[in-house]
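**Q**
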Amino acid sequence: MRYQPRGELLTREVTADRKRLLQVMTNLLSNAAKFSPEGEVVEISTEEAPAGLRVGVHDRGPGIPEAFRARIFGRFNQADSTTSRQKGGTGLGLAICKRLVEMMEGHIGFQDREGGGTTFWFELPRHA
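First residue of the sequence shown? That's 8 in my numbering, and the numbers climb one at a time after it.
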């Protein structure tokens with residue numbers, strides 16, 4: 008698995024809890040690597056957001072089934088029951104990400120095209 012930056016590097020800074028930010032990035036990158044086909048590139052993007060900074064992690068995985076999208080940030084949730092057996096994991100990673108981002112006064116979400124990969128993103132205010 009390769010990780011590759013996407014877009015321009017930003018010079019704007021946000022103040023955030025380093026441990027929380029590292030945990031969010033670790034969880035999102037781990038999920039992207041887990042659900043992307045072997046040899047694919049996981050892209051990381053940054054862009055300015057109205058209140059601060061948006062970070063995106065873009066994978067080339069199978070996408071998220073429509074029926075699962077509403078509960079994706081819930082605890083112990085995975086797209087289907089075979090996922091934990093095939094890929095590992097407890098279904099807690101995204102719930103943890105959501106809580107940590109909210110503790111830093113930010114927002115988290117995703118954009119998905121079933122069958123075409125997923126982008127998980129989070130936004131942090133400049134003063135997080």
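No residue lacks a Cβ here, since even glycine has one placed at the ideal position from N, Cα and C.
Report yes if the C-beta distance between R76 and S43 is below 8 Å; otherwise report no.
**A** The answer is no: Cβ separation not under 8 Å.
**Q** Would you kindly report the start and end of the unbroken alpha helix (DSSP H) that includes L99?
**A** It is not in any alpha helix (DSSP H) - L99 carries neither H nor E in the DSSP assignment.
**Q** From what residue to what residue does the alpha helix (DSSP H) around A39 run?
**A** Looking at the DSSP string, the run of the alpha helix (DSSP H) that includes A39 is R25 to F42.
**Q** At what residues does the beta strand (DSSP E) containing G123 begin and finish?
**A** G123 -> no beta strand (DSSP E), and no H or E assigned at all.
**Q** By DSSP's criteria, A56 is part of a beta bridge. Which residues make up the other side?
**A** Paired residues: G59.
**Q** Where does V49 fall in DSSP's three states?
**A** Here V49 sits in strand by DSSP.
**Q** Identify, in the order they occur along the chain, each residue of the same chain with its Cβ nearer than 7 Å to the Cβ of V31, setting aside the five sequence neighbours on each side.
**A** Closer than 7 Å at the Cβ level, and outside the excluded window around V31, lie C104, L107, V108 and F129.
**Q** Consult DSSP for R13 and reduce its assignment to one of helix, strand or coil.
**A** R13 falls in the strand class under three-state DSSP.
**Q** Suppose you measure from the CA of E47 to the CA of G100; what does that come to, to the nearest Å?
**A** Taking the straight line joining both Cα atoms gives about 21 Å.
**Q** So the candidates are P12, T126 and M110; which of them puts its Cα closest to the Cα of D24?
**A** Checking every option, the nearest Cα to that of D24 belongs to M110.
**Q** Please identify the residue among Q11, G124 and R133 whose C-alpha is closest to the C-alpha of H114.
**A** Per the Cα distances, R133.
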